[in-house]
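Student: Quick note: the first sequence, position 667, residue 666 per numbering that gives the first Met the number 0, numbers continuous. For glycine and all other residues, C-beta sits at the position ideal for the given N, C-alpha and C. Here the structure is a predicted model, which is why all the values come from computation and not from measurement. Structure in structure tokens, see below.
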Amino acid sequence: MLDKTYRPGDVEAKHYQQWEASGAFSADVGANAAPYTIMMPPPNVTGSLHMGHALTFTLQDVLTRYQRMKGRDALWQPGTDHAGIATQMVVERNLAKEGKTRHDLGRDAFIDAVWAWKGESGGTITRQLRRLGASPDWPRERFTMDEGLSEAVVEVFVTLHRQGLIYKDKRLVNWDPKLHTAISDLEVESREVKGNLWHFRYPLADDPERFITVATTRPETMLGDTAVAVHPEDERYRDLVGKFVRLPLVGRLIPIVADEYADPETGSGAVKITPAHDFNDFEVGKRHGLDMINVLDRDARIAGDVPEAYRGLDRYEARKRIVSDIEALGLLEKVEPHTHMLPHGDRSGMVIEPWLTDQWYVDAETLARPAIEAVEQGRTRFVPRQWENTYFEWMRNIQPWCISRQIWWGHQIPAWYGPDGAVFVEKTQAEAEAAAERHYGERVPLERDPDVLDTWFSSALWPFSTLGWPQRTPELERYYPTDVLVTGFDIIFFWVARMMMMGLHFMGDVPFREIYIHALVRDERGQKMSKSKGNVIDPLELIDEYGCDALRFTLAAMAAQGRDIKLAVGRVEGYRNFATKLWNAARYCEMNGCALAAGYDPAAVKHTTNRWIVGALADAARRSAEALDAFRFNDAAGVLYQFTWDTFCDWYLEFTKPILNGDDEAAKAETRATTAWVLDRVLHLLHPLMPFITEELWQQLGSGPQGGKRGLLMSERWPDLGADLVDPSAAAELDWVVRLISTVRTVRAEMNVPASAQIPLLLRDAGPETRRRIETHRDVILRMARLASAEVADGAPPEGSVQTVLDEAGLILPLAGIIDLDQERQRLARDIEKLASEIAKLDQKLGNPNFVSRAPEEVVEEQRERRAEAEAARAKLAEALARLG
RNA sequence: GGGCGAUUAGCUCAGCGGUAGAGCAUCUCGUUUACACCGAGAGGGCCGGGGGUUCGAAUCCCUCAUCGCCCACCA
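What follows is the structure, encoded as structure tokens:
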């Protein structure tokens, strides 16, 4: 016997262990079934589950379980990411608590410490994924730093290098002065900063009384100025082009150059050029062959060939000093407040410094070309489609991808340098030594490049590296390309685009046929969840309170396309109630002896009510499948919710109570079997969304013709119910009964005429078909009108005091003479008026020749029917009014 | 500065050319042995404003407003 309420906490862990232990999540490389593959976006190995994870992994799990039940050989490939900078920072923070830095340990010991940390906390996220009910193929779990994936990384690096698609270059990079590493464009975020615009006067070299004024937001970089640029068309400065100014404080002579970069409208129209510390200036410098003078060190302190006074100063300290020194020289023209966007490192939060360094780059432009084409040609499709624009926009303007990082945790770059700096890119040290020997004609000591690769470099290989590449494994053969990638829009550039590039280049085919982009989860007020705002909702807490299924169902129900998800806890509570409802429906079935019957054939049921529910179920199954096939999770959830609660529980179970309590044994048996069968199908349909409660019920009910626990719901099939189960006449009849019940209820409530008294009146005026329907469903009607059992027995109409008007088409209106007739007259008059105005509107529409000729035929027909119905209703009401006198 | 999205019931959101919907909240009635995490009902919407297209617009177009996100080198 089922307990009175469902307690998720008691069963979730049990079922999960059972599933996992039984291998229910495993793909089968040797299977005949068609494969269905989803690559799990690998979460950070040391991370913990947040709401965004909960959403994305729930959706992936829904798809995986659904396809698995549909008979596909589903592979949901799990794994974690080493998350270079993020993880290194965590470990460094821990070290800092002991007052140590990574340099105290040295590289090898530090990396050991990171591995130790990974061993300690790396299981957290995967444990939490299990609590979410995620069903990936765990034995295939990979880690971006494990042996196989590292081999893939080296293979890709070496290959791309040989192809000239990876190269080393000295150019400006985004330098993080705190983390002491280069970062890619994508890891930089612009934030608004309030600052000043300082206007400096630079005296002309041959005429110190004349000045050219430049404006800058970064006075300290003036130490590295190597030119002043003006627009070639700018009349004010035409005579100055080619002349020199003497750089204040430094004394260097620098040229005035004409370059279109200078905007005559901005500032004074003349701009100082610091090629070593500004991306634009760098370009200008290249065009004019200017010197690049680096005046900052890796901490963004003043360094290099600069006046002694500033050397070693922090950039902001230097700024103050330089401004006051310029002012002292009388060269500060003015200072204006100025708000502008400044680049910040997304990890460190520091202001990024453009810095001239040697770094490794990927020729992204070349790799992007096929990736753009693939989407243009529809070989990979974005859902929703609109994201393709975002993808194209970025890919068509893609910049070289800086892939080297000056940190320790990650894939060390497979490049070795000879004594003279010659570089040998090889898969192993031995191969590099061999190459060096060939190069030098003798064995020489080599030094390995200390840098590691951008984390996203290894993630970019995920769709094939996890399947065994570079080996040609059966898995690779079978599961690549994958079916769908499920992810958020925030990593389209970081990850999706790069997987497209690498997949096409190395596998010759797209990594996935569809990319489903879901929204981000925000809090109830639309704010991004963040620890600092204190508005974080922990998915695990929600699971504890409401159960995993309630959370999953909520996320699925809210995963409509194209909108952020503002998570309202009230929704979770509502779906928890839904779980309880389902639970109690099952309990009801159990109490009433509803068990699956051997040889039960839904197509063969005879009772109208049963034919109706079987058809309604088939319809719901079809609609939810269509929704899931199109990634409309919210629709799938909605259809099943409504069917389960409204159709099955509120109507069908109530409709059939009189049958189960009656003495038609055949009808009883059929109803019991049908009830059990529908419930069993519902459990199947709901399983991808609510795996735990469905599993628990399925097991507890001992489902299946064999009875007993015959295994896991996981191994069951998604119910494929044919449209032939839908019986329109049964649906119409039940619909009619529903309306009749509603009317009887209204009369009972408003006119105080018991339902038992209404029935005979209805029968008195009824035609044969109406009479049959009322007779057939009499018990249901009475029961649903909430009558006490004593009243059900019979009820004589109040003597001569009640009149009834009854419409064969389904509109039923009993009138009670015992109630306030004036009130009733008024109500009738109002209703008639309403109908009249509706009819008038419809007449207008139908009288419009354009409507009749241009609207779709079925729409016109529908409107005609509506009009006829309304007309008939009005006539009945008028008749009723007349009878009232 | 470009681009994208949003604006629907008190709240969170569906619907996206053919009679305005769900959950939560509110109110009324109901303790009928599946379920009070329940049942029956009710109230509550100029579908952001204004134009346009259309026989018909919450839905398509334009425009304005407000909010949000992404991208961008403007000293």
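Tell me the DSSP bridge mates of ARG200?
Tutor: Answer by DSSP bridge pairing, in chain order: THR212.
Student: Taking the alpha-carbon positions, what's the CYS593 to ALA675 distance?
Tutor: Computed Cα separation, rounded: 5 Å.
Student: Using the beta-carbon count (16 or more within 10 Å), is PRO218 buried or exposed?
Tutor: By the 10 Å Cβ count, PRO218 comes out buried.
Student: Please report how far the alpha carbon of LEU196 lies from the alpha carbon of HIS337, in whole angstroms.
Tutor: Each residue's alpha carbon lies about 6 Å from the other.
Student: Report back the beta-carbon spacing between THR454 and GLY83 to the nearest angstrom; my notes put them in contact at under 8 Å.
Tutor: Their Cβ separation, rounded to whole angstroms, is 4 Å, which keeps THR454 and GLY83 in contact under 8 Å.
Student: Give the secondary structure of MET38 by DSSP, where H, G and I count as helix, E and B as strand, and everything else as coil.
Tutor: Correct three-state label for MET38: strand.
Student: For THR486, I'd like the list of residues in its chain whose CB is within less than 6 Å of its CB, leaving aside the five on either flank, ordered along the chain.
Tutor: Only PRO40 meet the Cβ criterion.
Student: Suppose only complete runs of 4+ residues qualify. What are the alpha helix (DSSP H) ranges in the stretch 284-354, listed by chain order?
Tutor: Listed in chain order, the complete alpha helix (DSSP H) runs (minimum 4 residues) inside the stretch 284-354 are 314-327.
Student: Within 10 angstroms of its Cβ, does PRO274 collect 16 or more other Cβ (buried), or is it exposed?
Tutor: Flag for PRO274 reads buried.
Student: Contact defined as beta carbons within less than 8 Å: I believe HIS230 pairs with LEU366. What is the distance between those atoms, to the nearest angstrom?
Tutor: Not quite, the Cβ-Cβ distance comes to about 37 Å (not below 8 Å), so this is no contact.
Student: Classify GLY194 as helix, strand or coil using the three-state DSSP reduction.
Tutor: GLY194: strand per DSSP, three-state reduction.
Student: At the level of alpha carbons, what is the spacing between ASN633 and MET557?
Tutor: Whole-angstrom Cα-Cα distance: 6 Å.
Student: Do you know offhand how far ARG6's Cα is from GLY546's?
Tutor: Distance between the alpha carbons of ARG6 and GLY546 is about 8 Å.
Student: Looking at the secondary structure, which residues open and close the beta strand (DSSP E) in which ARG380 lies?
Tutor: From DSSP, the beta strand (DSSP E) with ARG380 extends over 380-382.
Student: On the three-pair Cβ rule with 8 Å, is the stretch 60-75 touching the stretch 34-50?
Tutor: As far as the Cβ criterion goes, the stretch 60-75 touches the stretch 34-50, which means the pair count is three or higher.
Student: Measuring CB to CB, does TRP407 end up less than 8 Å from VAL451?
Tutor: Result yes, Cβ atoms of TRP407 and VAL451 sit closer than 8 Å.
Student: Along the chain, which unbroken stretches of the alpha helix (DSSP H) at least 4 residues long are found entirely within the stretch 673-746?
Tutor: As far as the stretch 673-746 is concerned, its whole alpha helix (DSSP H) runs of at least 4 residues are 690-699.
Student: Using DSSP bridges, identify the partner residues of VAL483.
Tutor: ILE37, GLU513, per the DSSP bridge assignment.
Student: Inspect the beta-carbon positions of GLU589 and LEU700 and report whether they are closer than 8 Å.
Tutor: Contact flag set, yes.
Student: Given a cut-off of 8 Å, decide if ILE397 and TRP359 are closer than it, judged by their beta-carbon atoms.
Tutor: No, these two residues do not count as a Cβ contact at 8 Å.
Student: Starting from TRP393, trace the alpha helix (DSSP H) in both directions and tell me its first and last residue.
Tutor: Residues 386-395.
Student: Would the stretch 243-258 and the stretch 321-332 be scored as touching if the rule is three or more Cβ pairs under 8 Å?
Tutor: At 8 Å Cβ cutoff, the stretches touch.
Student: Is it the case that the Cβ atoms of MET500 and ALA635 are separated by a distance below 8 Å?
Tutor: No; because the gap between Cβ atoms is not below 8 Å, this pair is not in contact.
Student: Using DSSP's beta-bridge definition, name the partner residues of TYR888.
Tutor: The displayed coordinates of the chain run from 0 to 884. Any statement about residue 888 would go beyond what the structure contains.
Student: Could you check what DSSP says for ASN591 in three-state terms: helix, strand or coil?
Tutor: Note: ASN591 maps to coil in three-state DSSP.
Student: Going by DSSP in three states, THR265 sits in which element: helix, strand or coil?
Tutor: Looking at THR265 - three-state DSSP - the assignment turns out to be coil, as it is neither helix nor strand.
Student: As a quick exercise: from ARG318, THR220, GLU234, pick the residue whose alpha carbon is nearest that of HIS276.
Tutor: Checked all of ARG318, THR220, GLU234; the closest Cα to HIS276 is THR220.
Student: Any idea if MET498 is buried or exposed, counting beta-carbon neighbours within 10 angstroms, 16 or more meaning buried?
Tutor: It counts as buried.
Student: For ILE272, name the three-state secondary structure that DSSP assigns.
Tutor: Note: ILE272 maps to strand in three-state DSSP.
Student: When you compare only the Cα positions, how much space is there between TYR15 and GLY132?
Tutor: Roughly 7 Å between the two C-alpha positions.
Student: Going by other Cβ atoms of all chains shown within 10 Å of its Cβ, with 16 needed for buried, is ALA869 buried or exposed?
Tutor: Buried is the call here.
Student: DSSP beta-bridge partners for ASN43?
Tutor: ASP80.
Student: According to DSSP, simplified to helix, strand and coil, what is ARG4?
Tutor: The question names Arg, but residue 4 in the sequence shown is Thr. It is coil, neither helix nor strand.
Student: Contact check, LEU781 vs SER755 under 8 Å by CB: the rounded distance?
Tutor: At roughly 6 Å, the Cβ-Cβ gap stays under 8 Å, so LEU781 and SER755 are in contact.
Student: Return the chain-ordered list of same chain residues with a C-beta closer than 7 Å to the C-beta of ASP298, the five sequence neighbours on each side being excluded.
Tutor: Here the set comprises PRO176.
Student: Might you give, ordered along the chain, the residues of its own chain that have their beta carbon closer than 7 Å to the beta carbon of LEU104, omitting 5 neighbours on each side?
Tutor: For LEU104, where only same-chain residues beyond five positions count, the Cβ hits under 7 Å are ALA112.
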